[in-house]
Each structure stands twice: as C-alpha cells, then as structure tokens.
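Student: Dumping the structure here so I can ask a few things about it.
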Amino acid sequence: MLPCYGCATPLEVDDDDGREMKICIVSSCGGHLAEVRALRPAYEQYDHFYVLNNRILLPEDMKGRTYFIRHSERDWLFMVNLWEAWQILRRERPRLILSTGAGPIVPFALVGKLLGVRTLFIETAAQVTEPSLTGRVMYHLADRFFYQWKTLARHFPRGVYGGLV
0 MLPCYGCATP LEVDDDDGRE MKICIVSSCG GHLAEVRALR PAYEQYDHFY VLNNRILLPE
60 DMKGRTYFIR HSERDWLFMV NLWEAWQILR RERPRLILST GAGPIVPFAL VGKLLGVRTL
120 FIETAAQVTE PSLTGRVMYH LADRFFYQWK TLARHFPRGV YGGLV
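0 is the number of the first residue of the sequence shown in numbering that gives the first Met the number 0; add one for each residue after it.
Here's what the structure looks like:
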C-alpha cells in the first residue's frame with residue numbers, strides 16, 4: 000500500500016508477491032507532472048523512474064531516471080508510443096505504472112496489461128465535473144482508478160474518491 004499524503008484513501012497496490020517494488024511514473028509535462036510529483040512522498044522510497052512526452056529542464060531528483068518519448072496527439076505517433084512503451088517496460092520491468100495523465104499513459108497501460116504490470120491512474124484535479132478523455136479511457140484500463148472530486152463519482156462508479164493530491 001502506498002500512503003497518499005493529503006488523499007482521503009491510500010493508494011492500494013498488490014505488493015505481496017515478494018518482488019521489490021519498482022514504479023514507472025508516466026506523465027505529460029506541466030500540470031500533470033506537478034500533480035504526480037506532489038505524490039512523491041508516497042513513492043520516493045521505492046525504486047522508480049519517469050516517462051515524459053516532452054523534453055524539459057528536469058529537477059535534480061529526476062535526472063538520470065527519466066525517459067522521453069515522442070509527443071502524440073491521437074495520431075500515428077501513438078503506434079510509436081506503443082513501441083516505446085514496450086521497450087521501456089521490458090527494460091525496466093516495473094511492478095506498477097502510476098499516472099495522473101495525460102495521453103502518454105494510454106500506450107503504457109496497454110503494454111503494461113500485456114506484460115502483467117498493474118496500473119494506478121488518478122484523474123487530474125483539473126477535471127471537476129466532467130471526466131477527461133484520458134480519464135474515460137483509463138477507467139477501463141487501470142487496475143486502480145482514483146478521482147479527486149466527489150462530483151466525478153457518477154462517471155466512475157468503480158473508481159475510488161481519493162481527495163485532492
């Protein structure tokens with residue numbers, strides 16, 4: 000179980016198979032990255048690495064542990080992202096994929112399913128009353144799905160309200 004500081008619910012993860020926890024953190028840049036980095040107290044004690052869809056100036060703690068993939072906006076590059084996800088996940092062999100969005104999580108969740116890697120998705124706090132496109136897709140792909148606003152409960156009946164990150 001990952002403690003989620005500030006969340007109403009811990010980020011539950013099935014971690015009892017004896018293997019060391021390794022987490023793949025997938026994010027687009029900007030607000031999504033800020034959100035997932037706000038969860039650092041919940042994952043920083045575990046081996047982890049990042050996957051971003053844009054090259055940015057990285058904070059010190061992300062240097063040497065970040066992969067950059069091509070930026071895809073629902074176009075043919077999605078196929079390239081699937082290949083990149085396959086290569087990264089096969090090389091790193093994480094036990095969990097964690098994301099707050101946006102688009103780059105979809106190919107990683109799909110490839111993760113093929114490789115038996117569990118996915119934990121947290122719908123972005125920017126979506127207060129209506130789900131994001133990524134959230135609507137990830138609701139069906141994620142092993143654990145959290146949302147940050149109670150107003151989203153009607154859209155995600157099997158999801159878990161976790162409060163704001």
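From the three backbone atoms N, C-alpha and C, an ideal C-beta is built for every residue, glycine too.
Do Tyr49 and Ile24 have their CB atoms nearer than 7 Å?
Tutor: For the purposes of this step, residue 49 is taken as the residue at position 50 of the sequence shown. For the purposes of this step, residue 24 is taken as the residue at position 25 of the sequence shown. Yes, the Cβ-Cβ distance between Tyr49 and Ile24 is below 7 Å.
Student: Leaving out five residues on either side along the sequence, give the residues of the same chain with a beta carbon under 6 Å from the beta carbon of Phe120.
Tutor: Residue mapping note: residue 120 aligns to position 121 of the sequence shown, counting from 1. Counting only Cβ-Cβ distances below 6 Å, and skipping sequence neighbours, we find Ser98, Met137, Ala141, Phe144.
Student: In whole angstroms, what separates the C-alpha of Trp82 from that of Asp74?
Tutor: Position 83 of the sequence shown, counted from the start, is the residue given in the question as residue 82. Position 75 of the sequence shown, counted from the start, is the residue given in the question as residue 74. Roughly 14 Å separates the two Cα atoms.
Student: Just to confirm my understanding: we take Asn53, look at its own chain, exclude 5 residues before and 5 after, and list those with CB closer than 8 Å. What are they?
Tutor: Walking along the sequence shown from the start, residue 53 turns up at place 54. Excluding positions up to five away in sequence, the list reads Ser27, Cys28, Phe67, His70.
Student: Determine the direct distance from the alpha carbon of Val159 to that of Arg153, and round the result to whole angstroms.
Tutor: Sequence index remark: in the sequence shown, residue 153 carries index 154 (1-based). Sequence index remark: in the sequence shown, residue 159 carries index 160 (1-based). Their backbone Cα atoms lie some 11 Å apart in a straight line.
Student: Go ahead and label Leu114 buried or exposed: buried means 16 or more other beta carbons lie within 10 angstroms of its beta carbon, across all protein chains shown.
Tutor: Residue mapping note: residue 114 aligns to position 115 of the sequence shown, counting from 1. Leu114 should be labelled exposed.
Student: If you measure between the beta carbons of Tyr146 and Glu122, is that distance less than 7 Å?
Tutor: Working through the sequence shown from its first residue, we reach residue 146 at position 147. Working through the sequence shown from its first residue, we reach residue 122 at position 123. Cβ atoms of Tyr146 and Glu122: closer than 7 Å.
Student: Would Arg117 and Leu151 qualify as a contact pair, given that the criterion is a beta-carbon distance under 7 Å?
Tutor: As a position in the sequence shown, residue 117 is number 118, starting the count at 1. As a position in the sequence shown, residue 151 is number 152, starting the count at 1. Their beta carbons are not under 7 Å apart, which means Arg117 does not touch Leu151 by this criterion.
Student: Write down every uninterrupted run of the alpha helix (DSSP H) in the stretch 68 to 102 whose length is 4 residues or greater and which is fully enclosed by it, in chain order.
Tutor: The stretch 68 to 102 contains these whole alpha helix (DSSP H) runs: 76 to 91.
Student: CB-CB under 6 Å to Gly5, same chain, minus the five flanking residues each way: which ones, in chain order?
Tutor: Position 6 of the sequence shown holds residue 5. Any reading at Gly5 needs caution, since the residue's pLDDT is 46, under 50, leaving its predicted position unreliable; the model's value is listed next. Excluding positions up to five away in sequence, the list is empty.
Student: Taking DSSP's pairing of strands, which residues face Cys28 in a bridge?
Tutor: The count along the sequence shown starts at 1 and reaches residue 28 at position 29. Paired residues: none, contrary to the question.
Student: For Ile104, which residues from the same chain have a beta carbon less than 7 Å from its beta carbon, with the 5 sequence-adjacent residues on both sides left out?
Tutor: Here residue 104 refers to the residue found at position 105 when the sequence shown is read from its first residue. Cβ within range, chain order: Val25, Ser98, Phe120, Thr133, Met137.
Student: Can you tell me where the alpha helix (DSSP H) holding Thr133 begins and where it ends?
Tutor: For the purposes of this step, residue 133 is taken as the residue at position 134 of the sequence shown. 132 to 140 is the extent of the alpha helix (DSSP H) around Thr133.
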